[in-house]
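A.B. asks: Take this structure first; my questions come after.
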Amino acid sequence: MSHSIPPLKGAFPAGVSLRNTWRPGDADLIVDLHRRGYASEGDRFGPSFPAYVRKTVEEAGLDAPGHDSRVWFAERAGETLGCAAMIDRHGRGQLRWVVLLPAARGLGLGKAMLRSAMDHASAQGWPEVFLETTDGLHASMQLYLANGFSVTSNTEVELWDGPGKLIVLTIMLPA
0 MSHSIPPLKG
10 AFPAGVSLRN
20 TWRPGDADLI
30 VDLHRRGYAS
40 EGDRFGPSFP
50 AYVRKTVEEA
60 GLDAPGHDSR
70 VWFAERAGET
80 LGCAAMIDRH
90 GRGQLRWVVL
100 LPAARGLGLG
110 KAMLRSAMDH
120 ASAQGWPEVF
130 LETTDGLHAS
140 MQLYLANGFS
150 VTSNTEVELW
160 DGPGKLIVLT
170 IMLPA
């Protein structure tokens, strides 16, 4: 079943923009956003979590030329408020590193970054997009499910700082 994410309603908050050009230091920025953005989400996102994020960013090779992956950074007045990425996984997209700082939540930025990432996946001709998340992240699960993603697996695993559920969601894109 194919889904499309509804268009954004309303405007971005004043002064907020999305950047999708890769700059030196952006890998560190993604790690720092995750450290700060997940600090209030409980012990599961403890000391090993930033190292896990860094490893996944390095594995994606975003600083190498000639790839179809992209990262979007929500920025206002020189401050980065959050990010989201669409990674090329051999002809399908993986939504990664979706995070907003607590003060930037509820402004529509998560949906805007999701829309940009999904538009990019469609432009690449990828037939589907998947993402991996964990239990307990209710706002992000609500965003994904409201925009057409379906849970395809929910497995108890050992995460970076202890046991938890690895939840995989998938959406088929229109041809």
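For the sequence shown, position 115 matches number 114 in numbering that gives the first Met the number 0, and the numbering has no gaps at all.
Backbone N, C-alpha and C define an ideal beta-carbon position, used for all residues, glycine too.
#1: For S139 and K110, what's the separation of their Cα atoms in angstroms?
#2: Tell me which residues share the same chain as A76 and place their Cβ nearer than 8 Å to its Cβ, disregarding the 5 neighbours each side in the sequence.
#3: Ends of the beta strand (DSSP E) at L183?
#4: Determine the burial state of A122: buried for a count of at least 16 other Cβ atoms within 10 Å of its Cβ, exposed for fewer.
#5: I'd like the span of the beta strand (DSSP E) that includes T79, first residue to last.
#6: Who are the Cβ neighbours of L108 in its own chain at under 8 Å, not counting the five residues just before and after it?
#7: Let me know if Q93 comes out buried or exposed under the rule of 16 or more other beta-carbons within 10 Å of its beta-carbon.
#8: Compare the beta carbon distance of S152 and V167 with 7 Å and say whether it is the shorter of the two.
#9: Suppose the cutoff is 7 Å on Cβ atoms and the five residues either side in sequence are ignored; what does the same chain contact list for P126 look like?
#10: Helix, strand or coil for S139 per DSSP?
#11: Per DSSP, E58 is paired with what?
#12: In whole angstroms, give me the CA-to-CA distance for H119 and G45.
C.D. replies: In brief:
#1: Using only the alpha carbons, I get a separation of about 10 Å.
#2: Leaving aside the five residues that flank A76 on each side, the residues in its chain whose CB is nearer than 8 Å to its CB run, in chain order, G14.
#3: Only positions 0 to 174 of the chain appear in the structure, and residue 183 is not among them; the question remains open.
#4: When all chains shown are included, A122 counts as exposed.
#5: First-last of the beta strand (DSSP E) with T79: 78-87.
#6: If you ignore the 5 residues before and after L108, its C-beta comes within less than 8 Å of the C-beta of F11, P12, V15, A73, L80, G81, L99, all in its own chain and listed in chain order.
#7: With at least 16 other beta carbons inside 10 angstroms of its own, Q93 counts as buried.
#8: With contacts defined as CB atoms closer than 7 Å, S152 and V167 qualify as a contacting pair.
#9: Within the same chain, P126 has close Cβ partners R91, M171, L172.
#10: Residue state, collapsed to three classes: helix.
#11: The partner list for E58 (beta bridge, DSSP) is empty, contrary to what the question assumes.
#12: Rounded to the nearest angstrom, the two C-alpha atoms are 32 Å apart.
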